[in-house]
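Enquirer: Before anything else, here's the structure in question.
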Amino acid sequence: MCGQSFSDREDLLDTLQKLQPHDHLCLIYETREEQFNAVIPFIKVGLERNERCVYIADENTVESVLDAMRGEGINVRDALDSGALAVITKQDAYLKQGHFDPDWMINYLKNITNETLAQGYSAVRATGEMTWALGSEDGVDRLIEYEAKLNYFFPDYPLLAICQYNKNRFSPEIIRNIIYTHPYVIVGGTVARNYYFIPPDEFLKEETQSQEVERLLHNIVSREQAELKLKRANEELETAYRLLEQDIGDREQAYDTLQRERALFLGGPVVVFRWRAAEGWPVEYVSPNVFQFGYPADDFISGAVPYTKIVSEKDRERVAREVEEFSTAGVSSFEQEYRVVTYSGDERWLYDYTIIERDAKGALTHYIGYVFDVTDRVKTQEENRRVQQKILDSQKEMADVLETIGEGVVVVDSEGKITRVNRQANAIWGYSEKELLDASISLIVQPDAQDTQGRIFEDYWKASATGTRGEPIIIDGVRRDGARFPLELCVTETKPGKLYTIAARDITNRVWNERLIKEKINELEQMNRELEEFQFLASHDMQEPIRAILNYTALLKTDLAVDPPPKATEDLKFIGEAARRVKTLVDDVLSLSNAGRSTLQMNKVDLNTLLKGVIAGQSDRIKKAGAQVLVEDLPPALGDPEALWQVFANLLENALNFRGAKTPVIKVSCVHQNGMLEITFEDNGIGIDKRYLNQIFTPFKKIPAKTAHEGTGTGLTICRKLIHRHGGAIRVESEAGGGSKFIFTLKPWIDQERG
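Below, the structure written as structure tokens:
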């Protein structure tokens, strides 16, 4: 801890901030204000540093201590609830055993510290009111022993503490011993290093007069050495001040010289710099016209913008290396060109003529630079070099590109004459380069057309007019052996009105594959239609036999009404139930078939009215289940009313079938999303195990559930098919026990009169 002393409260708080774990202090106070001015901020600092804080009250009540903490701005409730703060009494600590035992108390502090560290705090901060020791003479003696032994404990544990002693209640002899046992003392609002502190090894053994003399002499020498260090520090400050005055004089002299040059360069393009020969080249002077780079002169002179910072990173290392080489070479001046970055972020080239300054002994002291912008010249030179290089490289680059590209490249002039081809073009058409050069483009593309060139260029200009220039043109090509094949061409105007580059690709395989894919799609669509037709006919044809079974079963029941055999009654019941299940299955298959076959009558659908009708149709089931159906206002949709009625009815029935033990709540809401209506059908039922989510829309797939219900598993399949036919999509979000959300999209109804 810093050993400085401060007399006012502000400085006391500053010193308390500097206390660190392992510090052992005593507070000697006379008033309660003096007491709390030290210990309450001490606790506040600890809470801010994530330290666990303990206050042991005795002379003051626990509540008065807490009130003082609140007055200091401490959130007492949060600190107590979190365990970061504890305000306890002597019975909770010093006298927990019924009497005071120094060794037990130190072990108690060790345990608290270890527990605190395990809980994630950085240290323990403790303070205790020590008036409890005045109860007996034995208590005071053991207290002094305890304070001395604590000095063995503090160096090894992250704990800092203030022991509080009321000067009005403890005798001078006790206060003296307290001072002897604490490395730091707080008194009168001052925190001070204690020069009268006695290490525990000396204090706890009986001291001879000789040992006391040695200790006093040691304290005298220590204090004298501290005062000597302070004196030397003051002398060093005085020396530094004199050097500063001398440096200011040198600066003023240099400034006078530069002021004369300032008038010469102020209005011109040349910026004058004076850099000190030190790391970073500190700027001692710069002419005001440096503002042409966007920086005021003060930014450089103050050091806010080091000159090295504006030198471009591309050149910074080179410039520094050259300056070092010139400086050690013994030259008086040198020249450089490099880039700087202006305040606006632009990069500018500078010419820098630098003069080296040395002192009377030849030591390098400063650089004076005359800098002006040569960006235009450098750019002109670079542009000339680039143009020359382009001229030299263009033919080679073109050849490399043409030969490495994966497409056939043919260059033609405005008359359709081939002027250049690459190897890939030779491979595509089967001609040699010699055979193609100077030939007409019609030789290899639609040779039987009257104007092949016109067809290609016509397509090109049509694409240009519609803003799709560069889009491929599909056209017939012909190989050297006469074989025709499909070509994909991209035309680029290389030289306007003079040269055109045609990139050609043989798409025979692609066309063949597309044809096969189309044929397969047609086959699958035909098979799907036939399957749906069979499904419809089979379901339709099975209805009459099932009705006959049900009717004859009813007649048999009537015929056997008087004294029927028990087995016959049971068999008839089984036949009837089986027939009804088959009828349900056939009806569902027929509904599934109709969902894919029926013609949709797309109109404006008032979803609010439609849903009210669906709810009314199932009102008995809703009432029996005790369910609540909550519907937000729904916008109109574009759809088939009967189909959407079936979608909403199936979803409502599904929610009622799979309700849980709690009161069923079904919510229907809608938002606009990406130009569609996104409708959410949400329930709080038993939910769906995530393992089965990908099977939920599979026809005739019944997902395992705790709630038994009748059905064939086609309801959600029908929903999906009808939603898809409306141009929408449906998905489910659910987990076991967490209810389900069925989310589907429909096209909104757009009032044609409003656009």
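Numbering of the sequence shown is given in our numbering, commencing with residue 911 and proceeding in unit increments.
From the three backbone atoms N, C-alpha and C, an ideal C-beta is built for every residue, glycine too.
Using the C-alpha atoms, what's the distance from Leu1138 back to Glu1145?
Expert: Going by the C-alpha atoms only, they are around 11 Å apart.
Enquirer: Assuming contact is defined by CB atoms lying nearer than 8 Å, are Ile1266 and Tyr1253 in contact in what I supplied?
Expert: No, they are not a contact pair.
Enquirer: In whole angstroms, what is the alpha-carbon distance linking Gly1597 and Ala1464?
Expert: Near 40 Å, if we compare the C-alpha coordinates of Ala1464 and Gly1597.
Enquirer: Is Pro1206 closer than 8 Å to Gly1190 when the C-beta atoms are compared?
Expert: No, Cβ-Cβ distance for Gly1190 and Pro1206 is not below 8 Å.
Enquirer: State the DSSP-derived secondary structure class of Asp921, mapped to helix, strand or coil.
Expert: Here Asp921 sits in helix by DSSP.
Enquirer: List the endpoints of the continuous alpha helix (DSSP H) containing Met1015.
Expert: Here the alpha helix (DSSP H) through Met1015 covers Pro1012 to Ala1028.
Enquirer: State the Cα-Cα distance for the pair Gln927 and Trp1185, rounded to the nearest angstrom.
Expert: Gln927 and Trp1185: Cα-Cα distance of roughly 42 Å.
Enquirer: Leaving aside the five residues before and after Leu1544 along the sequence, list all residues of the same chain whose C-beta is less than 6 Å from its C-beta, in chain order.
Expert: Excluding residues within five positions, the ones whose Cβ falls inside 6 Å are Leu1517, Asn1518 and Cys1580.
Enquirer: Do you know whose CA, among Thr1329, Ile1338, Thr1218 and Gln1334, lies nearest Ala1349's CA?
Expert: Closest option to Ala1349, Cα to Cα, is Thr1329.
Enquirer: Just to confirm my understanding: we take Gly1523, look at its own chain, exclude 5 residues before and 5 after, and list those with CB closer than 8 Å. What are they?
Expert: So the qualifying residues of the chain are Trp1555.
Enquirer: So, is Tyr1056 buried or exposed, given that buried needs 16 or more other C-beta atoms within 10 angstroms?
Expert: Per the 10 Å Cβ criterion, buried.
Enquirer: For the beta strand (DSSP E) containing Tyr1263, name the first residue and the last one.
Expert: Glu1257 to Arg1268 is the span of the beta strand (DSSP E), which, as asked, contains Tyr1263.
Enquirer: Distance, Cα to Cα, Lys1344 vs Asn1336?
Expert: If I take the Cα positions, the gap works out to 10 Å.
Enquirer: Can you give the beta carbon distance from Pro1546 to Lys1514, rounded, assuming they're within the 8 Å contact cut?
Expert: So it is a contact: roughly 5 Å between Cβ atoms.
Enquirer: Please list the terminal residues of the continuous alpha helix (DSSP H) segment that includes Phe1236.
Expert: Run containing Phe1236: Glu1223 to Thr1238, per the alpha helix (DSSP H) assignment.
Enquirer: Cα-Cα, which of Gly1536, Leu1510, Ala1537 and Leu1562 is closest to Leu1521?
Expert: Checking every option, the nearest Cα to that of Leu1521 belongs to Leu1562.
Enquirer: Below 8 Å, how does it come out for the region 1031 to 1040 and the region 1063 to 1083: are there three or more Cβ pairs, yes or no?
Expert: In short, these stretches touch, since the Cβ pair count reaches three.
Enquirer: Quick one: using the 10 Å Cβ neighbour count with 16 as the cut-off for buried, is Asp1661 buried or exposed?
Expert: Exposed, because fewer than 16 other Cβ atoms sit within 10 Å of the Cβ of Asp1661.
Enquirer: Closest by CA to Val1095, which one among Tyr1075, Gly1625 and Arg1079?
Expert: Cα-wise, what sits closest to Val1095 is Tyr1075.
Enquirer: Starting from the Cα of Val1321, find the closest Cα among Asp1593, Pro1476 and Leu1399 and give me that residue.
Expert: Minimum Cα distance to Val1321 is reached at Leu1399.
Enquirer: For a test of the three-state rule: what should DSSP assign to Pro951, helix, strand or coil?
Expert: Note: Pro951 maps to helix in three-state DSSP.
Enquirer: DSSP has Val1575 in a bridge; who is on the other side?
Expert: The partner list for Val1575 (beta bridge, DSSP) reads Gln1538.
Enquirer: Does DSSP put Arg1295 in a helix, in a strand, or in coil?
Expert: Here Arg1295 sits in helix by DSSP.
Enquirer: For Leu929 and Arg1103, I'd like the C-alpha separation in whole angstroms.
Expert: Roughly 12 Å between the two C-alpha positions.
Enquirer: By a C-beta neighbour count over all protein chains shown, 10 Å radius and 16 as the cutoff for buried, is Ser1242 buried or exposed?
Expert: Answer is exposed; the Cβ neighbour count stays below 16.
Enquirer: Please name the residue or residues paired with Trp1659 in a DSSP beta bridge.
Expert: DSSP output for Trp1659 lists no bridge partner at all.
Enquirer: Spatial neighbours of His1079 within its chain, please: CB distance less than 7 Å, with the 5 preceding and 5 following residues excluded, ordered by chain position.
Expert: Residue identity differs from the one stated: residue 1079 is Arg in this sequence, not His. Correct list, in chain order: Thr1041 and Leu1044.
Enquirer: Rounded to the nearest angstrom, what separates Thr1275 and Gln1299 at their Cα positions?
Expert: Taking the straight line joining both Cα atoms gives about 45 Å.
Enquirer: Check each candidate in Cys1629, Ala1646 and Asn1087 and name the one with the smallest Cα separation from Phe1591.
Expert: Phe1591 has its Cα closest to that of Cys1629, out of Cys1629, Ala1646 and Asn1087.
Enquirer: Tell me whether the beta-carbon of Asp1262 lies closer than 8 Å to the beta-carbon of Gly1240.
Expert: No, these two residues do not count as a Cβ contact at 8 Å.
Enquirer: Which residues in the same chain have their Cβ closer than 6 Å to the Cβ of Phe1652, if we skip the five residues on either side of it in sequence?
Expert: So the qualifying residues of the chain are Leu1561, Phe1591 and Val1642.
Enquirer: For Asp1391, which of helix, strand or coil comes out of DSSP?
Expert: DSSP places Asp1391 in coil when its eight states are reduced to three.
Enquirer: Less than 8 Å between the C-beta atoms of Gly1649 and Gly1595, yes or no?
Expert: Against a cut-off of 8 Å, the Cβ pair of Gly1595 and Gly1649 comes out as a contact.
Enquirer: What first and last residue would you give for the beta strand (DSSP E) that runs through Trp1191?
Expert: Neither: Trp1191 is in no beta strand (DSSP E) and is coded neither H nor E.
Enquirer: Nearest to Gln1538 by CA position, among Phe1201, Thr1573 and Glu1247, is which residue?
Expert: Of the candidates Phe1201, Thr1573 and Glu1247, the one whose C-alpha sits nearest the C-alpha of Gln1538 is Thr1573.
Enquirer: What is the rounded straight-line gap between the Cα of Tyr1248 and the Cα of Val1181?
Expert: Going from the Cα of Tyr1248 to the Cα of Val1181 covers about 15 Å.
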